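Numbering (the numbering used here), first residue to last: 29 to 201. Here a beta-carbon is modelled for each residue, glycine too, at the ideal position from N, C-alpha and C. These numbers come from a predicted model, not from an experiment. As structure tokens, the structure follows; a few thoughts come after it.
This is the structure we're talking about:
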């Protein structure tokens with residue numbers, strides 16, 4: 029909500045313009061705006077799309093123009109609530125994918141509470157001449173599934189087991 033006055037009195041809503049931008053690691057993305065003609069504006073924080081890893085914030089800008097055409101702008105930076113999600117494997121050190129990022133486990137990323145992520149474990153992985161096959165995720169999800177960042181730091185573990193000779197012969201690897 030914004031208010032503005034000048035020497036002529038209260039400046040009316042039709043002279044207000046709002047913009048919301050997403051700040052992320054040195055670059056900016058438009059989110060909403062311009063939203064014109066209102067003294068109160070709101071926006072919905074996205075839950076998917078561009079990641080919220082590392083530095084992220086929203087800048088809300090209000091520009092008010094008086095009857096003489098003089099514009100004044102004020103802004104506020106809002107840092108969203110974030111949590112850490114960790115991807116791990118049992119045994120440790122196997123490869124996992126978070127969204128499109130493929131990394132050896134364990135690894136941790138900070139993210140926006142409620143943000144959607146896709147976590148993926150490969151069906152099999154060969155490490156030091158040992159073949160491992162995917163057995164399941166700690167949250168019960170499929171090999172590749174979506175999670176929504178919870179309100180507390182959380183670890184998701186992909187459990188693997190050593191493939192047996194029968195598995196290899198049966199072609200299930």
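Under 8 Å between C-beta atoms of residue 110 and residue 127: Here residue 110 corresponds to residue number 82 of the chain shown, with the count starting at 1. Here residue 127 corresponds to residue number 99 of the chain shown, with the count starting at 1. Their beta carbons are not under 8 Å apart, which means residue 110 does not touch residue 127 by this criterion.
Residues that residue 72 bridges to, as DSSP identifies them: Start at 1 with the first residue of the chain shown, and residue 72 comes out as number 44. In DSSP, residue 72 forms no bridge with anything.
Quick check on residue 55: buried or exposed, where buried means 16 or more other Cβ atoms within 10 Å of its Cβ? Looking up residue 55 in the chain shown gives position 27. It counts as exposed.
Sorted by chain position, which residues of the same chain lie with C-beta nearer than 6 Å to residue 34's C-beta, five sequence neighbours on each side aside? By 1-based counting over the chain shown, the position of residue 34 is 6. Once the five neighbours on either side are set aside, the close Cβ partners of residue 34 are 94.
For the 8 Å Cβ check, are there 3 or more pairs between the region 60-72 and the region 111-120? no
Assign residue 47 to one of two classes, buried (16 or more other C-beta atoms within 10 Å of its C-beta) or exposed (fewer than that). One-based indexing of the chain shown puts residue 47 at position 19. It counts as buried.
Measure how close the beta-carbons of residue 86 and residue 106 come, nearest whole angstrom, since I'm counting them as under 8 Å. Within the chain shown, residue 86 is the residue found at index 58, counting from 1. Within the chain shown, residue 106 is the residue found at index 78, counting from 1. At roughly 5 Å, the Cβ-Cβ gap stays under 8 Å, so residue 86 and residue 106 are in contact.
Using a Cβ-Cβ cutoff of less than 6 Å, which residues in the same chain neighbour residue 83 once the five nearest sequence positions on both sides are dropped? Position 55 of the chain shown holds residue 83. Hits under 6 Å: 53.
Between which two residues does the beta strand (DSSP E) containing residue 45 stretch? Here residue 45 refers to the residue found at position 17 when the chain shown is read from its first residue. It spans 44-52 - the beta strand (DSSP E) in which residue 45 sits, taken as one unbroken run.
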